[in-house]
Amino acid sequence: MAIRDKLSGNEAVAVAMRQINPDVVAAFPITPSTEVPQYFSSYVADGLVDTEFVAVESEHSAMSACIGAQAAGGRAMTATSSAGLALMWEMLYIAASSRLPMVMSLVTRALSGPINIHNDHSDAMGCRDSGWIQLFGENNQEAYDNFIMALRVGEHKDVQLPVLNCYDGFITSHSVENMELLEDNLVKDFVGEYKPQHYMLNSKQQIAVGPLDLPPHYFEHKRLQAEAMRNAKNVILEVSAEFEKMTGRKYGLFEEYRMEDAEIAMVILGSTAGTAKYVIDELREKGVKAGLIKIRVFRPFPAEELAAALSHCKAIAIMDKADGFNAKGGALFNEIRSAMYDGDARPAIVNYIYGLGGRDVRTNDLEKVYDALAEIVATGVVGDPYRYVGVIDANDVAVQAEAAAARE
Amino acid sequence: MSNVLEIRWHGRGGQGAKTASLLLAEAAFDTGKYIQGFPEYGPERMGAPITAYNRISDKPITIHCNIYEPDYVVVVDETLLDVVDVTSGLKAHGAIIVNTEKTPEEMKEKLSTYNYSGRVYTVDAKKISMETLGRYFPNTPMLGAVVKVANVMDEKVFIESMDNSFKHKFASKPTVIAPNMEAVKRALVEVKGA
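Order-wise, the sequence lines are chains G and Y.
For what it's worth, this note's numbering labels the leading residue of the first sequence as -6, then goes sequentially.
For what it's worth, this note's numbering labels the leading residue of the second sequence as 57, then goes sequentially.
This is the structure in structure tokens:
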């Protein structure tokens, strides 16, 4: 029997951590992820868990402590955002290449500078090829559910990789909404006990972790690591199916919303997908065949599956909440356009950069994108695919008039 | 958003507008509704203008943006009326509730400078707060006022829910529970409108 509750995204994740009762949590506070270790440390203080809580002096140390704990044979967890993730940079790669299946909540936030505490995906996109599995949640429920599933995925013998549980800073982390919690014993049974095949505190079979790896072996280790990421896709589907049996909540590699006959579609990560669903429902009432794909599993990237799901569309907008700075658009855009190359379908594909630094993404912003897609379908003219929505354009006549009025 | 009740709170950092929006969300949750309660964070300092939001619905809510066309606006700090157009986007059938010692008629005249001609309610949350709590915490009386005006839920259910929330929130200082309840109940009675 599910427990109906109302929690913020951060509190929901902290509750999942309490239910799992990991061996070690090492964390350093940074907005908007701070509440996760804050709530969790109170569970430690109240004796609700027997976790070793390590209050470290930086995020580099937080990740280092998690690496040590996981390599020793324990279950380690942490949470961070933005610059905190950036400071972990060196250690992110070490966690992944040492095949240490810890779980970290990434409460997504813009990277500096200029300094900004609000949500976008520049932190998550920055570490997209560091070797971590990346799951994205739309709301508090998904942040909670993905966190619980993340352990099973990462710890699977065919995977053994760390997992990032990404959800949007403030929009999800600090918003209180309805959700369903699982009973403690169900979570405990679902994640089970962590039994690593090899670990440092195993006196019967001693191993070294992270030694110098020279040309005779390094390449092979990297290839095995890439293989593990490829294996993760099926494991994610297996674990999600098992989770669905327990909860009734269905999770795949991505969610398709009103896609069956969609002519125009958006691809989105995170909380804006919920706003898009609202916009789609309104457009559908007007007879517009609009749809949405919300990516849950960003790493490993479900390229073939996405290409198949989008193949019947006429025009697609790929929504990136982080700019690419490659002069050719955002990361999601380039990967999806690349994924479409192997198929026969050639829908028009455009890219919209949106919501940077916490710029609120309004329903009419998303309507504008669907309008532009309908225009592409009607005229057959795509134009420059690298676009922005919700940004104030200094060349806009109305903006100039407003600025002039303000000066007077 | 026709089936969703949308409320926008205007306050200043430290006055508890965010807490009030979360308490309202909890109370509505207790009546079986789907809810959202979320703040819009700016510079996090005492006294800075802040905004918080509520959505309350019988159906699940997927939308995740701020509220631009609220059904109700709650102004926790009267001085904001000279700084922010608190009536922005407020729906014609809606209402605004202001913490002030002024009458609804006086407030209506002030708000007419923003071309607002809808319903206006006032409650002297400062007086209530000082007389019940002995300190200025305007958010709890404003919570009572908005529940009354927006008819968010049955008053008896609301009072029970608030009692539970305060018992939880003030577990370490139970002496403030009764004065807070008194502040909420007085606002339910003392809010007046035009």
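Even glycine gets a Cβ: it sits at the ideal position worked out from N, Cα and C.
Helix, strand or coil at residue i according to DSSP, with G and I counted as helix
{"i": "residue 253 of chain G", "result": "coil"}
{"i": "residue 120 of chain G", "result": "coil"}
{"i": "residue 15 of chain G", "result": "coil"}
{"i": "residue 105 of chain Y", "result": "strand"}
{"i": "residue 356 of chain G", "result": "helix"}
{"i": "residue 97 of chain Y", "result": "coil"}
{"i": "residue 383 of chain G", "result": "coil"}
{"i": "residue 235 of chain G", "result": "helix"}
{"i": "residue 265 of chain G", "result": "helix"}
{"i": "residue 159 of chain G", "result": "strand"}
{"i": "residue 178 of chain G", "result": "helix"}
{"i": "residue 74 of chain Y", "result": "helix"}
{"i": "residue 157 of chain Y", "result": "coil"}
{"i": "residue 350 of chain G", "result": "helix"}
{"i": "residue 236 of chain Y", "result": "helix"}
{"i": "residue 247 of chain G", "result": "strand"}
{"i": "residue 165 of chain G", "result": "coil"}
{"i": "residue 44 of chain G", "result": "coil"}
{"i": "residue 331 of chain G", "result": "helix"}
{"i": "residue 341 of chain G", "result": "strand"}
Residue nearest to residue i in terms of C-alpha spacing, selected from the options
{"i": "residue 200 of chain Y", "options": "Y:181, Y:186, Y:188, Y:64", "result": "Y:181"}
{"i": "residue 218 of chain G", "options": "G:246, G:122, G:66, G:197", "result": "G:122"}
{"i": "residue 48 of chain G", "options": "G:39, G:40, G:22", "result": "G:22"}
{"i": "residue 109 of chain Y", "options": "Y:116, Y:185, Y:122, Y:117", "result": "Y:122"}
{"i": "residue 402 of chain G", "options": "G:165, G:229, G:204, G:196", "result": "The structure shown has nothing for residue 402 of chain G, since chain G only spans -6 to 401."}
{"i": "residue 86 of chain Y", "options": "G:-2, G:233, G:212, G:10", "result": "G:-2"}
{"i": "residue 257 of chain G", "options": "G:124, G:304, G:79, G:184", "result": "G:304"}
{"i": "residue 20 of chain G", "options": "G:35, G:54, G:9, G:3", "result": "G:54"}
{"i": "residue 66 of chain Y", "options": "Y:113, Y:136, Y:236", "result": "Y:136"}
{"i": "residue 168 of chain Y", "options": "Y:183, Y:141, Y:150", "result": "Y:141"}
{"i": "residue 231 of chain Y", "options": "Y:81, Y:127, Y:188, Y:112", "result": "Y:188"}
{"i": "residue 129 of chain Y", "options": "Y:225, Y:193, Y:214, Y:198", "result": "Y:198"}
{"i": "residue 190 of chain Y", "options": "Y:114, Y:126, Y:235", "result": "Y:235"}
{"i": "residue 127 of chain Y", "options": "Y:147, Y:143, Y:117", "result": "Y:147"}
{"i": "residue 79 of chain Y", "options": "Y:161, Y:112, Y:138", "result": "Y:112"}
{"i": "residue 255 of chain G", "options": "G:155, G:302, G:92, G:200", "result": "G:302"}
Endpoints, beta strand (DSSP E) assigned at residue i
{"i": "residue 183 of chain Y", "result": "Where residue 183 of chain Y is concerned, there is no enclosing beta strand (DSSP E), although the alpha helix (DSSP H) it sits in stretches over 181 to 188."}
{"i": "residue 66 of chain Y", "result": "60 to 68"}
{"i": "residue 100 of chain G", "result": "96 to 101"}
{"i": "residue 71 of chain G", "result": "69 to 73"}
{"i": "residue 135 of chain G", "result": "From DSSP, residue 135 of chain G is part of no beta strand (DSSP E) but of the alpha helix (DSSP H) over 133 to 148."}
{"i": "residue 193 of chain G", "result": "Premise fails: residue 193 of chain G is in no beta strand (DSSP E) and is neither H nor E."}
{"i": "residue 308 of chain G", "result": "308 to 313"}
{"i": "residue 128 of chain Y", "result": "128 to 131"}
{"i": "residue 153 of chain G", "result": "Note, residue 153 of chain G: premise wrong, no beta strand (DSSP E); not H, not E."}
{"i": "residue 317 of chain G", "result": "Unbroken run through residue 317 of chain G: none, as it is neither H nor E."}
The alpha helix (DSSP H) enclosing residue i, as first and last residue numbers
{"i": "residue 214 of chain Y", "result": "211 to 225"}
{"i": "residue 82 of chain G", "result": "82 to 90"}
{"i": "residue 200 of chain Y", "result": "195 to 206"}
{"i": "residue 164 of chain Y", "result": "160 to 167"}
{"i": "residue 393 of chain G", "result": "390 to 400"}
{"i": "residue 33 of chain G", "result": "28 to 38"}
{"i": "residue 303 of chain G", "result": "296 to 303"}
{"i": "residue 56 of chain G", "result": "52 to 65"}
Contact between the region 271 to 281 of chain G and the region 309 to 318 of chain G (3+ Cβ pairs under 8 Å): no
Contact the region 74 to 92 of chain G vs the region 100 to 118 of chain G: 3+ CB pairs below 8 Å: yes
Where the region 266 to 280 of chain G meets chain Y: residues whose CB sits under 7 Å from a CB there: 267, 268, 270, 271
contact_flag[the region 112 to 130 of chain G, the region 174 to 185 of chain G] where n(CB pairs < 8 Å) is 3 or more: no
At least three beta-carbon pairs within less than 8 Å, the region 232 to 243 of chain Y to the region 192 to 212 of chain Y: yes
Near-chain Y residues of the region 95 to 126 of chain G (beta-carbon distance less than 9 Å), N- to C-terminal order: 110, 111
Chain Y contacts made by the region 162 to 181 of chain G, where a contact means CB separation under 7 Å: 163, 164, 167, 168, 169, 170, 171
At least 3 beta-carbon pairs within less than 8 Å: the region 92 to 101 of chain Y vs the region 212 to 224 of chain Y: no
Stretch pair the region 285 to 294 of chain G + the region 258 to 268 of chain G: three plus CB contacts closer than 8 Å: yes
Residues from the region 350 to 372 of chain G in contact with chain Y, defined by Cβ distance under 7 Å: 353, 354, 355, 356
Sufficient close CB pairs (3 or more, under 8 Å) joining the region 336 to 345 of chain G to the region 142 to 160 of chain G: no
At least 3 beta-carbon pairs within less than 8 Å: the region 145 to 158 of chain Y vs the region 166 to 185 of chain Y: yes
Interface positions of the region 70 to 100 of chain Y facing chain G (Cβ-Cβ less than 7 Å), listed along the chain: 78, 81, 82, 85, 90, 91, 92, 93, 94, 95, 97
At least 3 beta-carbon pairs within less than 8 Å: the region 75 to 91 of chain Y vs the region 128 to 135 of chain G: no
Cβ pair count under 8 Å reaching 3, the region 90 to 99 of chain G against the region 157 to 168 of chain G: yes
Within 8 Å of chain Y by C-beta, residues of the region -4 to 11 of chain G in sequence order: -1
Residues, ordered as in the chain, of the region 252 to 264 of chain G that lie near chain Y by beta-carbon distance below 8 Å: 264
The region 386 to 394 of chain G in contact with the region 58 to 77 of chain Y per 3-pair CB rule at 8 Å: no
Validate contact between the region 287 to 300 of chain G and the region 188 to 205 of chain G using beta carbons, cut 8 Å, 3 pairs: no
Against chain G: residues of the region 157 to 179 of chain Y by CB proximity under 7 Å: none
The region 105 to 135 of chain Y: positions lying closer than 8 Å to chain G by Cβ: 116, 117, 118, 119, 120, 121, 122, 124
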